[in-house]
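The numbers in the numbering used here rise by one with no breaks, and the one at position 238 of the sequence shown is 289.
Virtual Cβ for every residue (Gly too), placed ideally from N, Cα, C.
Please read all numbers here as calculations on a predicted model, not as lab measurements.
Right, one structure below, let's go through it.
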Amino acid sequence: MKLYILSVLLFCSFVVNAQSNQELLFFNSNGYVQLVREDTIIKNIQGEKFLQNDLLRIISGDATIINLNNKRVTIEKSGNYNYNDVLALMQHTESSLSNKYFVYVWDKMSDHKKNINKPGGVIRGDGFITFPMDSVIILSDTVRFCINNESGGDYQLIIKSDNHNIIKQNPIGENITLNIRDINEGKPGKYYWEIKIPFGKPPAKKYFIIPNEKTKNEMLAEYKKNISEFSSFNIEMRELLTKEYITQNKIYF
């Protein structure tokens, strides 16, 4: 009896996973494309799910559909496509790790159904929005620290390594760009940084990492490989996908 119950549970788990992997999601479309759902015509299909009774109409242009199994298909041929038609096309495509960034962006489109807020840093107290993000790996030869100082007071950028100050500057304006070579001669390691303002709360310490040359080159190659997967999309989508890649992998480029 116990063996039977276990078998049923395993089968149900398999069915649920299979169904989630077959869930079809509309990433974006170009041209004259419609989604027919019952008696409703949806013209903005970006961020929608492709339900089993839906019908996709491509009069002209194309539509890109993804699933949760890191697969993606772009349909360019005019015609009507039901769920099973698209599912069959999807099953003939190869999964790709770069496609998971399409799913991340789709999640945000689906949640908000409006322009996605572009990630630009983290919000800390005292009205400061700072960049780069916490624990980011620097792949660029320079790094720009951006500070939105709503309080209008003077501030100080402090960069430390092993509790020793390396850089202590009072920037003019709301950003300062430093060459990596000016930060401890660009030596690999973890560097803590903070924005200090007079009479403000104790600053939150953040850090970034300067990788060694081998790691940097490997990460740059991986970055370029993934970014090339986004090249066929329009500028807005390329920007969203690139920023999602940068955010998820915590890199600064």
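Subject >> Touch test, the segment 148 to 157 against the segment 83 to 91, Cβ-Cβ under 8 angstroms, three pairs minimum >> reply: They do not touch, by the three-pair rule.
**OP:** Count the other C-beta atoms from every protein chain shown that fall within 10 angstroms of the C-beta of residue 148, then say buried if there are 16 or more, exposed otherwise.
**Re:** exposed
Original post:
Counting pairs of beta carbons, one from the segment 261 to 271 and one from the segment 118 to 133, are three or more of them closer than 8 angstroms?
Top reply: no
**OP:** Since I believe residue 231 is in contact with residue 185 (beta carbons under 8 angstroms), could you give me their beta-carbon distance rounded to a whole number of angstroms?
**Re:** Wrong, their Cβ atoms sit about 18 angstroms apart, outside the cutoff.
Original post:
Where do the N-terminal and C-terminal ends of the alpha helix (DSSP H) with residue 271 fall, by residue?
Top reply: 264 to 279
**OP:** Whole angstroms is fine: what's the gap from residue 189's alpha carbon to residue 255's?
**Re:** 20 angstroms
Original post:
With residue 97 and residue 160 assumed to form a contact (beta carbons below 8 angstroms), what rounded beta-carbon distance in angstroms separates them?
Top reply: 6 angstroms
Subject >> Straight-line gap, residue 187 to residue 106 (C-alpha atoms, nearest Å) >> reply: 43 angstroms
Subject >> Residue from 195, 245, 207 with nearest C-alpha to residue 233 >> reply: Checking every option, the nearest Cα to that of residue 233 belongs to 195.
Original post:
Are residue 116 and residue 129 close, meaning C-beta to C-beta below 8 angstroms?
Top reply: No. Outside cutoff.
Subject >> Outcome for residue 102 when other beta-carbon atoms lying within 10 angstroms are tallied against a minimum of 16 >> reply: exposed
**OP:** Please specify which runs of the beta strand (DSSP E), each continuous and at least 3 residues long, are wholly inside the segment 95 to 176, giving them in chain order.
**Re:** 106 to 118, 123 to 126, 130 to 133
**OP:** Rounded to whole angstroms, what's the CA-CA distance from residue 279 to residue 270? Just pull it up for me.
**Re:** Roughly 14 angstroms separates the two Cα atoms.
**OP:** Give every residue of the same chain whose Cβ lies closer than 6 angstroms to the Cβ of residue 237, excluding the five residues on either side of it in the sequence, and list them in chain order.
**Re:** 231
Subject >> Collapsed DSSP secondary structure at residue 206 in the structure displayed >> reply: coil
Subject >> Of the listed residues 229, 258, 235, nearest to residue 243 (C-alpha basis) >> reply: Considering only alpha carbons, the answer is 258.
Subject >> Per DSSP, cross-strand counterpart(s) of residue 243 >> reply: 211, 258
**OP:** Let me know the secondary structure DSSP gives residue 14 once reduced to three states.
**Re:** Here the chain comprises residues numbered 52 to 304, so residue 14 is not present and cannot be evaluated.
Original post:
Going by the beta-carbon positions, is the gap between residue 248 and residue 274 smaller than 8 angstroms?
Top reply: no
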